[in-house]
Amino acid sequence: MPLMQPYQEPDDMSTPGVSSEYLATGANRQTAVADWSRSGVLAFGADVNVALWRPNLHPPRGVEKLLSGHKETVKAVKFLPEVDGDSSTFLITGSDDKALIIWKSSAKGHGFDILQTVTDPSGAINCIAAHRLSPNQQKWIIATGAADATIRIWTFEAEQLQLRQTIKTVPKYFPLALSLTSVDDDDNILVLASAGTRDTIQILTADASKEELHFDLQANLTGHEGWIRSLSFSKESKNPNGDLLLASASQDKYVRIWRIHQGRELPALIASGADPSSGAFLPGKSPSNKAYWLKSGGKDFSVTFEALLLGHEDWIYSARWHTHHDGRLQLLTTSADNSLAIWEADSSSGIWISLVRLGEISREKGATTATGSTGGFWTGLWSPDGQSVACLGRTGSWRRWQHETTDDSWRPCVAISGHTRAVTGISWTKDGGYLLSTGSDQTTRLHAQWTDAGANTWHEMSRPQIHGYDLNCVDSLGESQFVSGADEKLMRVFNKPKAVAMMLKRLAALGDADIEHMPDAANMPVLGLSNKAIDAVDDDHEIQPVDDRDRNAMDPASIVKKSHLDIEHPPFEETLSRHTLWPETEKLYGHGYEISCLAASHDGKLVASACKASSTNHAVIRLFETQRWTELRPPLTAHSLTATRLRFSSDDKFLLSVGRDRQWAVFARRADEAEPYELLQCNPKGHSRMILDASWAPSDVPLFATAGRDKQVRVWASSTAGDGKVQFAQVCALTCASPVTAVDFLPQRMGGLLVLAMGTEAGRLSICMMNKDGAAMTELQPTPELDFPSAVLQLAWRPGSRKEKGSSYTLAAAGEDSSLRLFAIDEMYLRSAGS
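Numbering (full-length UniProt numbering), first residue to last: 1 to 835.
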């Protein structure tokens with residue numbers, strides 16, 4: 001078993017006192033979206049970012065860094081081949097924004113800096129291949145495939161990327177897979193394999209010894225019957241005279257292996273007339289052993305069909321070779337059938353056999369995609385030492401296995417997960433025990449700190465809700481209950497199940513008083529959106545077949561066995577997506593359109609909500625009491641357009657609403673339980689453009705801040721009129737460079753100061769300090785550590801996050817870029833900056 005890398009804090013901190021405590025984001029579903037470097041860093045595209053993760057760290061951590069540079073979805077990620085002694089590592093990424101970015105490893109720390117950006121207006125980048133011409137020289141040949149049906153050849157030398165050739169695919173297809181290597185002993189003859197939205201593989205060659213690098217089409221390999229998703233070259237052995245093998249993975253559910261042999265003589269197996277498939281062939285078809293001939297640099301080569309790998313039941317997305325230190329050559333394949341396989345040629349017969357099958361067997365796939373049980377694995381990667389494999393699933397989450405040499409088995413390991421679309425809502429529990437996040441990827445996720453075994457690292461611990469609509473907002477009702485709103489006309493209330501509560505108590509030291517009265521677990525019926533409470537079963541329980549005609553039929557993949565959450569580590573993806581659902585206990589009706597925002601009172605007795613609206617009739621705020629879950633009528637009226645945020649003051653005396661109609665409204669608490677709030681004050685001209693967020697300050701005198709599209713943050717403080725009525729008036733304003741989309745006050749005062757975090761549409765996240773009456777406000781010097789590539793959608797300080805004097809506060813930030821980030825803000829940094 002390889003040595004695990006102990007975690008060390010990166011030493012390239014941009015600002016003392018500000019650090020990333022947790023970064024969570026899902027990967028983009030593309031075959032070429034990830035690569036694993038020799039130094040142990042796995043880089044993958046995550047929305048517009050490039051995420052860096054070190055899978056072999058101990059204890060396991062999440063994403064280490066998010067690199068921002070692209071404007072649209074990152075589709076292709078490739079480390080340039082490295083050799084021992086290299087002082088720098090280079091990473092090349094391609095995106096839907098038609099740009100190629102070369103990144104160079106930082107002089108210190110574990111990050112990367114942009115070295116060069118090349119924008120080609122012709123098409124989005126789908127795939128990248130790279131080959132180092134010689135270990136002794138820093139010169140690489142790079143091939144990129146684009147959505148304009150072209151292949152471009154580049155050289156990278158002296159830290160400069162230069163375009164050398166543009167190849168239009170004939171017949172026309174869109175390249176989805178490329179692989180590039182040298183085919184001769186002198187490293188002069190380059191061979192490029194290209195494939196994509198046709199069922200043929202094109203082989204191109206070039207003579208690297210010539211002044212002008214030029215690839216010519218030499219052969220079209222036929223045999224596949226579907227699009228080809230992945231190509232991978234490898235030397236058959238460490239012998240420099242050995243043949244070259246090419247693996248091609250296709251949507252026809254088969255992998256083909258091709259042999260490239262130097263010389264005019266055919267390989268011995270083909271020359272003898274033996275069936276290259278060793279008896280494995282498609283029904284009604286025998287694979288052709290036709291030889292394709294290549295000629296380049298005065299040398300002859302043959303390409304022949306070597307083997308057909310059968311075993312996957314669905315599209316095959318990726319195939320990657322790995323040569324182990326002892327010379328063994330193995331192939332890793334991943335498929336839409338939710339499995340990955342490791343293949344190796346039998347030493348005596350030469351027949352390719354599947355040594356290992358990881359993932360899920362057919363009966364566990366389930367009948368629904370709602371819980372992530374189908375969709376398959378989009379890409380598979382070998383670790384640099386070949387002792388670990390990682391694969392990316394439909395949910396954007398990673399799964400990883402480690403090879404145990406003692407018993408020759410593969411052990412699942414803790415990996416990473418995250419939202420795959422915009423994170424639209426976040427909410428801490430009242431004591432800050434865990435964080436809930438919800439997003440446009442139709443999931444609600446629970447994040448907590450793994451304190452057991454001294455790890456103290458953040459992980460996704462539960463996925464309470466997997467929905468059929470985009471989720472817009474969430475709030476905690478207590479330690480074991482929350483409410484969420486989506487692009488549907490109702491809200492749903494969820495209660496924590498016993499299995500999840502026990503796991504959180506064990507792993508994160510989060511306790512619940514009434515754990516014995518909780519339901520065991522939850523699952524989702526085949527034809528429904530409501531999670532149902534179920535009993536957990538013993539491991540030997542027989543799973544009954546599912547019947548799609550029954551609305552209450554139970555997906556066999558969602559049966560929760562008692563051992564699933566009796567674990568000593570954060571749950572794996574297959575557990576998160578199936579066995580950590582929370583049962584739904586209530587539905588709250590009343591709104592006519594999609595829910596836009598909601599808030600729970602601090603005492604947990606009320607839920608306020610609003611929906612998208614274009615008239616006063618629908619722009620009302622509805623209140624629901626949480627004892628019997630009934631609506632308190634009449635609803636509160638103030639706005640004429642959609643309310644964008646609702647906030648209760650810390651003592652629940654006031655309810656604040658802001659909206660697209662540019663006004664804010666404050667409702668005051670009454671003693672009447674039937675109508676607990678009444679309109680106190682509204683300001684139709686609160687901002688000159690729509691108001692996007694608001695937050696109450698922890699002040700003796702009621703005070704709140706509003707954030708608007710007019711690029712301003714305004715602070716409103718209360719005063720008492722002669723008749724004893726409380727009124728709010730503006731006391732301060734701060735103008736920003738772009739529209740302000742999120743604000744949140746630190747829930748406790750820091751000495752005599754208030755701390756306000758604010759995020760903008762441009763992705764700038766900054767901290768403001770103000771005096772206790774809000775009359776003076778100062779924005780601290782912004783730090784790149786806090787920047788997002790796009791809008792910050794919501795901010796939430798962790799309640800009670802400062803444990804002792806001199807420690808840090810935790811700020812959660814939700815991004816439009818699908819990232820959820822926790823920042824540790826040191827108290828001394830705030831004090832020194834505030835002074």
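Even for Gly, the Cβ is constructed at its ideal location relative to N, Cα and C.
C-beta neighbour in chain D for residue i, strict 8 Å
i           : result
residue 612 : Absent from the structure: chain D. Only one protein chain is present.
Distance cut-off 7 Å: residue i Cβ against heavy atoms of the ligand COA
i           : result
residue 716 : Ligands are entirely absent from the displayed structure, and the ligand COA is therefore not among its contents.
Residue i - DSSP class collapsed to helix/strand/coil
i           : result
residue 427 : strand
residue 575 : helix
residue 628 : coil
residue 641 : coil
residue 454 : helix
residue 499 : helix
residue 219 : strand
residue 506 : helix
residue 551 : Only weak support exists for where residue 551 lies, its pLDDT of 47 falling under 50; the value from the coordinates is given anyway. In this structure, residue 551 counts as coil in the three-state DSSP scheme.
residue 786 : helix
residue 518 : coil
residue 445 : strand
Buried or exposed by the 16-neighbour rule on C-beta atoms within 10 Å, applied to residue i
i           : result
residue 271 : For residue 271, the pLDDT reaches just 49, beneath the cut-off of 50, and the residue's location in the model is therefore unreliable, leaving the point undetermined.
residue 571 : buried
residue 882 : Here the chain covers residues 1 to 835 and nothing more, so residue 882 does not appear.
residue 170 : exposed
residue 518 : buried
residue 416 : buried
residue 209 : exposed
residue 419 : buried
residue 810 : buried
residue 442 : buried
residue 817 : buried
residue 461 : buried
In DSSP terms, what residue i is bridged to
i           : result
residue 171 : BP columns for residue 171 are empty, so no partner.
residue 532 : 523
residue 45  : 50
residue 256 : 248 and 308
Same chain, Cβ closer than 6 Å to residue i, five either side skipped, listed in chain order
i           : result
residue 278 : Note on residue 278: pLDDT 44, under 50, position unreliable in the model; no value is reported.
residue 135 : 83
residue 739 : 709, 711 and 761
residue 59  : 455 and 457
residue 322 : 330, 382 and 386
residue 478 : 604
residue 100 : 94 and 118
residue 354 : 311, 341 and 343
residue 412 : 401 and 572
residue 275 : In this prediction, residue 275 has a pLDDT of 46, which is less than 50 and means its spatial position is unreliable; nothing more can be read from the coordinates.
residue 714 : 706, 730 and 733
Residues near residue i by beta carbon distance below 7 Å, same chain, minus five either side
i           : result
residue 799 : 428, 430, 431, 432 and 747
residue 113 : 103, 104 and 106
residue 71  : 48 and 97
residue 283 : No answer about residue 283 holds up, because its pLDDT of 45 lies below 50 and its placement is not dependable.
residue 299 : 184, 189 and 262
residue 534 : 520, 521, 522, 523 and 560
Residue of the options minimising C-alpha distance to residue i
i           : options               : result
residue 653 : 640, 677, 641 and 661 : 677
residue 821 : 447, 769 and 584      : 447
residue 836 : 290, 440, 450 and 357 : The displayed coordinates of the chain run from 1 to 835. Any statement about residue 836 would go beyond what the structure contains.
residue 327 : 197, 131, 347 and 704 : 347
residue 117 : 133, 95 and 130       : 95
residue 349 : 307, 323, 380 and 173 : 307
residue 219 : 264, 213 and 291      : 291
residue 34  : 28, 40 and 44         : 44
residue 591 : 785, 500, 492 and 577 : 492
residue 232 : 225, 222, 246 and 239 : 246
residue 567 : 614, 414 and 702      : 414
residue 398 : 404, 359 and 601      : 359
residue 164 : 140, 704, 172 and 176 : 140
residue 133 : 186, 54 and 584       : 186
residue 91  : 131, 238 and 121      : 131
Contact set for residue i: own chain, Cβ-Cβ below 8 Å, skip 5 residues either direction
i           : result
residue 123 : 98, 146, 147, 148, 149 and 150
residue 646 : 597, 598, 599, 608, 609, 610, 621, 655, 656 and 657
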